[in-house]
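First the structure, in the form of structure tokens, and then the observations on it.
Residue numbers (UniProt numbering): 1 to 115.
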């Protein structure tokens, strides 16, 4: 629910898009038998990334963000401002004890998740 609340009501980059991408990733995992080539941990990270990939998307692409000198472009020094923002929002959600699905992983694993 917290993730859903952090998707805006944009025509495309909304929670429905999140759901479609996550469902497609789940399908690809099974169609390509990725569970045979990836660890359970990696599969969990992959699905988490799919769920979080467009969190709080403002509805305009990176080129617009940079050319308009938006707050996001300035914050991330014109380096993939949207992707950096989506990731930051995801880890902000995960910093809450009620929503931290990675609360019990060790430090090294958490570093790998953040990489």
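We put the beta carbon where it would ideally sit given N, CA and C, even for glycine.
In this structure, residue 55 sits near residue 90, with a CB-CB distance shorter than 7 Å. In the DSSP assignment, residue 64 falls within the unbroken alpha helix (DSSP H) covering 62–67. In the three-state reduction of the DSSP assignment, residue 76 falls in the coil class. Between the stretch 22–32 and the stretch 56–72, the count of C-beta pairs closer than 8 Å stays below three; the two stretches do not touch. In the assembly as shown, residue 93 is a buried residue. Its beta-carbon has 16 or more other beta-carbons within 10 Å.
Residue 3: member of the alpha helix (DSSP H) spanning 2–5, first to last residue. For residue 48, the enclosing alpha helix (DSSP H) begins and ends at 40–52. When the Cα atoms are used, residue 58 and residue 104 turn out to be separated by approximately 32 Å. Take residue 107, set aside five residues on each side of it, and no residue of its chain has a beta-carbon closer than 7 Å to its own.
Your pair residue 88 and residue 81 does not check out as a contact, with CB atoms roughly 10 Å apart and the cut at 8 Å.
C-alpha of residue 24 to C-alpha of residue 16: approximately 12 Å in a straight line. Under the DSSP assignment, residue 108 falls in the alpha helix (DSSP H) whose first and last residues are 107–114.
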